[in-house]
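Asks: Here's a structure for you.
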Amino acid sequence: KRKPEGWAMIESTLYEFEDRMRDAINDPHDGKRKAESQWPIHRLHWERNRYIYDLFYKQGKISRELYDFLVREKIVDAALISKWRKPGYEILCSMSAIQKGSTNFGTTSVCRVPLAQRGAQIMPSVQTGCVSCVSGDGIHGGPVWWTDPYTAWAAKKKAERKQKRTDSVDPEVEARLKALRGEPPSRTDGGESGGGAL
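Numbering-wise, the UniProt record's numbering puts 113 at position 113 of the sequence shown, and it's gapless, one number per residue.
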């Protein structure tokens, strides 16, 4: 088929996305949960569609004819792009994040909850790997993905808070908590030694 005018401008970028997608699909899944192996695919899908969305709707650099061609050839996800045009879904990470049938309790994905309302629980969506795609806290106002620096920062802060809590636990309280959990009591031969680091 003859490509519409403007195809040459985006062709190399689309081929680059295709190569990256192929690499993500062929990436070994060793040590990953089944869902985790799909996370890079969801992210690349979002990036490719966002690239076309920005060119067509935000910058006006491609024609309607080229956009329709990309939709017809299934190069872009028309459903996802149409959701981005609706209030509240401007940076939606994936259509699977809002499909209520794909969760245990018939709700949307955890990434649809703003980070400010989550408290200490900063975990990516099991389906998509997106941490938050509702509050625009990500890089350049996009979703926060599992690999973003913010995610690592939040996880580190959470671990530090947990460490503080465990450091200040009274030995008697710790022994009672272990007994309640059914864990064997820890041995402290001759009391505590001064300042031993882990």
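By construction, the Cβ of each residue, glycine as well, lies at the ideal position given by its N, Cα and C atoms.
Could you give the uninterrupted runs of the alpha helix (DSSP H) lying entirely in the stretch 62 to 144, keeping only those of 4 residues or more?
Replies: 64 to 72, 78 to 84
Asks: Is M21 closer than 8 Å to I41 when the C-beta atoms are compared?
Replies: yes
Asks: Alpha carbon to alpha carbon, how far is P114 from Q127? Give it in angstroms, no decimals.
Replies: Computed Cα separation, rounded: 17 Å.
Asks: Are I62 and L14 touching if we call contact CB-CB under 8 Å?
Replies: no
Asks: R176 to E16, Cα distance in whole Å?
Replies: Using only the alpha carbons, I get a separation of about 58 Å.
Asks: In whole angstroms, what is the alpha-carbon distance linking H29 and E172?
Replies: Distance between the alpha carbons of H29 and E172 is about 44 Å.
Asks: On the three-state DSSP scale, how would you describe T147?
Replies: coil
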